[in-house]
Amino acid sequence: MEDIVLVTADSVRRDYADAFESLSDLPVQTGVTGSHYTRPSLASLISANYRGAITTEVVSPTIAEVLSDAGYTCLGYTPTPNTDARFGFDRGFDDFDTFVEPGNRGSKLRQYLGSINALRWIYYKIYPPQAKSENRPRDREVIERAIEEFNAADGPRFLWVHLMETHRPYGVGDEAMSKELDQKAFFKPDKLTDEEEAEIEGKYADAIRRADENIDYLLSEIDSDPILAVTSDHGEGFGEDGFYFHQGHKRSVADFQTKVPVIFDGIDAEGPMSLLDVPPTLVESVGVDAPASWHGTNLLESESEYAVTIAPWHDTATVAWRDYEKTFVARDADVSFEEGGTRADVERADVDQELEEQLQDLGYMDAG
1 MEDIVLVTAD SVRRDYADAF ESLSDLPVQT GVTGSHYTRP SLASLISANY RGAITTEVVS
61 PTIAEVLSDA GYTCLGYTPT PNTDARFGFD RGFDDFDTFV EPGNRGSKLR QYLGSINALR
121 WIYYKIYPPQ AKSENRPRDR EVIERAIEEF NAADGPRFLW VHLMETHRPY GVGDEAMSKE
181 LDQKAFFKPD KLTDEEEAEI EGKYADAIRR ADENIDYLLS EIDSDPILAV TSDHGEGFGE
241 DGFYFHQGHK RSVADFQTKV PVIFDGIDAE GPMSLLDVPP TLVESVGVDA PASWHGTNLL
301 ESESEYAVTI APWHDTATVA WRDYEKTFVA RDADVSFEEG GTRADVERAD VDQELEEQLQ
361 DLGYMDAG
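Spelled out as structure tokens, the structure:
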């Protein structure tokens, strides 16, 4: 059986796919995410199950569990607390690492104020909620680890790599936005000048180009010509709906937030799709049966008919249903889950204080 590589780059909009220059010979499809920010979107992706978007945690069987049962060695390298094992992201992987240490949580003052809802916004106005990128490994380090472990593993192999430098502030040091510009865009987007707007989008595009370089390096250094899928967890806002970046509490299901590129190599799949279609398409491409419980479509056999985006935040959600020609949106929806004719209540995943602090460091105002 052939090796499989899945790369997800954080926060990449569909209309910025041209920045993936090394993949320019491959067709770019439009994917619709299962949710609006990283954790529920990736949970629904690797579970191929919308329940992952509702609960914001992984639902078995995952793509790694299915491939592991078929004899694959499964490796996952995802440098973000959103993919913590406490949410089930490590299921099925022989080696899985989020590269998150307790020391990445920021100052004790931030930890204290972050635990008091009334003071949290005040703190963020002083210290902008941007990624603690200096405490996180560079994407190239993650890629180096992936190459080493992949080449040392017995085949067939499944590799999942998540790249974080496309997440704001879009790099490290001079590559990144300044804290001042990040703060202004987050809290006062209507005050941005044309030059500042252009600078933000330029930093963003540059970050995607660096991700492309890392993907190209990965593919050139592994000892395989794998089946490949490259996509993202969600898009990014640049003032279209009055806000910048991706802010979970806004529950946005707009196109700029939910439409992302999907690039396959070794698979002939065309047309718009849900990201939940990616796992069944990948496993079926190597002769492994997709579980009946998965919600995605095997694109090798039929076209995707619809996509659902569930944007939960605490006890409510915005839900968008698309048939790729029209979109229906329900706001403040009471979302439940029905399987096999039985309606089941679903609960959001619990987040302890330490992990919530790590998520706040990425700019999530509440782990929700």
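Residues 1 to 368 in full-length UniProt numbering are what the sequence shown lists, from first letter to last.
Just so you know, even glycine gets a beta-carbon here, dropped at the ideal spot from N, CA and C.
Exposed unless 16 or more other CB atoms sit within 10 angstroms - verdict on residue i
i	result
Asp190	exposed
Ala118	Note that Ala118 scores a pLDDT of 48, beneath 50, so its modelled location is shaky; the value from the coordinates is reported in the next line. Exposed.
Tyr112	Confidence at Tyr112 is low in this model, with a pLDDT of 49, below 50, so its placement is unreliable and the value that follows should be read with caution. The residue in question, Tyr112, is exposed, as its Cβ has fewer than 16 Cβ neighbours within 10 Å.
Ala85	exposed
Thr316	exposed
Ala207	buried
Ala198	exposed
Cys74	buried
Gly71	exposed
Glu195	exposed
Asp15	exposed
Thr8	buried
Leu23	buried
Asp345	Because Asp345 sits at a pLDDT of 44, beneath the cut-off of 50, its placement in the model cannot be relied upon, and the point is left open.
Arg48	The sequence given here places Ala at residue 48; Arg does not occur at that position. The residue is buried, with at least 16 neighbouring Cβ atoms inside 10 Å.
Leu299	buried
Lys184	buried
Phe245	buried
Gly171	buried
Ser285	buried
Arg136	buried
Lys188	exposed
Arg39	buried
Nearest to residue i (by Cα), restricted to the options the options
i	options	result
Thr282	Pro61, Ala307, Leu67	According to the sequence shown, residue 282 is Leu rather than Thr. Nearest option by C-alpha distance: Leu67.
Val12	Val32, Pro27, Asp3, Leu26	Val32
Ser41	Thr231, Tyr244, Thr316, Pro280	Thr231
Phe150	Thr98, Glu101, Asp94, Glu197	Asp94
Asp97	Arg91, Thr78, Ser22	Thr78
Glu175	Phe187, Gly34, Arg138	Arg138
Ala287	Gly271, Ile267, Glu303	Looking at the sequence shown, residue 287 is not Ala but Gly. Gly287 has its Cα closest to that of Ile267, out of Gly271, Ile267, Glu303.
Ala269	Thr297, Lys188, Ser293	Thr297
Ile143	Met164, Met177, Arg157	Met164
Trp321	Ala311, Ala333, Tyr306, Pro312	Tyr306
Gly88	Tyr170, Ser60, His295	Ser60
Arg91	Glu240, Glu57, Phe99, Ala292	Glu57
Asp291	Leu45, Ile63, His36	It should be pointed out that residue 291 corresponds to Pro in this sequence rather than to Asp. Residue Ile63 is the option with its Cα nearest to Pro291.
Ile310	Leu275, Ile4, Glu101	Leu275
residue 378	Phe20, Glu303, Gly173	For the chain, the structure presents residues 1 to 368; residue 378 sits outside this window and is missing.
Phe186	Glu236, Glu221, Ala211	Glu236
Asp182	Phe238, Ala153, Glu141	Phe238
Glu65	Asp233, Val28, Arg157, Leu192	Arg157
Val253	Ile263, Ser293, Glu240	Glu240
Phe145	Thr166, Pro169, Phe99	For the record, residue 145 in the displayed sequence is Arg; it is not Phe. For the residues Thr166, Pro169, Phe99, the minimum Cα distance to Arg145 belongs to Phe99.
Extent of the continuous alpha helix (DSSP H) to which residue i belongs
i	result
Phe186	179-187
Leu67	63-69
Gln256	For the record, residue 256 in the displayed sequence is Phe; it is not Gln. Looking at the DSSP string, the run of the alpha helix (DSSP H) that includes Phe256 is 255-258.
Thr55	51-55
Leu282	278-285
Residue span of the beta strand (DSSP E) that contains residue i, given as start and end
i	result
Tyr77	73-77
Asp194	Not the beta strand (DSSP E): Asp194 falls in the alpha helix (DSSP H), residues 194-221.
Thr38	Not the beta strand (DSSP E): Thr38 falls in the alpha helix (DSSP H), residues 38-47.
Pro312	307-313
Leu300	Note, Leu300: premise wrong, no beta strand (DSSP E); not H, not E.
Val288	Where Val288 is concerned, there is no enclosing beta strand (DSSP E), given that its DSSP letter is neither H nor E.
Val161	157-163
Ala229	227-231
Val5	4-9
Bridge partners - residue i, DSSP secondary structure assignment
i	result
residue 386	Because the chain spans 1 through 368 in this model, residue 386 falls outside it and cannot be assessed.
Ile267	Bridge partners of Ile267: none, in fact.
Tyr244	Phe238
Ser274	Val32
Asp95	Leu75
Arg322	Ala307, Thr327
Pro27	Beta-bridge pairing links Pro27 to no other residue.
Ala333	Ala317
Val262	Gln29
Whole-angstrom C-beta distance between residue j and residue i, which should lie under 8 Å
i	j	result
Ala53	Gly34	4 Å
Glu2	Pro226	6 Å
Pro261	Val5	About 16 Å; that fails the 8 Å criterion.
Lys179	Thr30	In fact, because the Cβ distance is near 34 Å, the residues do not count as touching under 8 Å.
Met177	Ile200	6 Å
Cβ of residue i within 9 Å of any chain C Cβ
i	result
Trp313	Absence of chain C from the displayed structure is noted, only one protein chain being present.
Near the ligand HEM: residue i beta-carbon under 8 Å from a heavy atom
i	result
Leu45	For the structure depicted, the ligand HEM is absent and the ligand set is empty, with no information on it obtainable.
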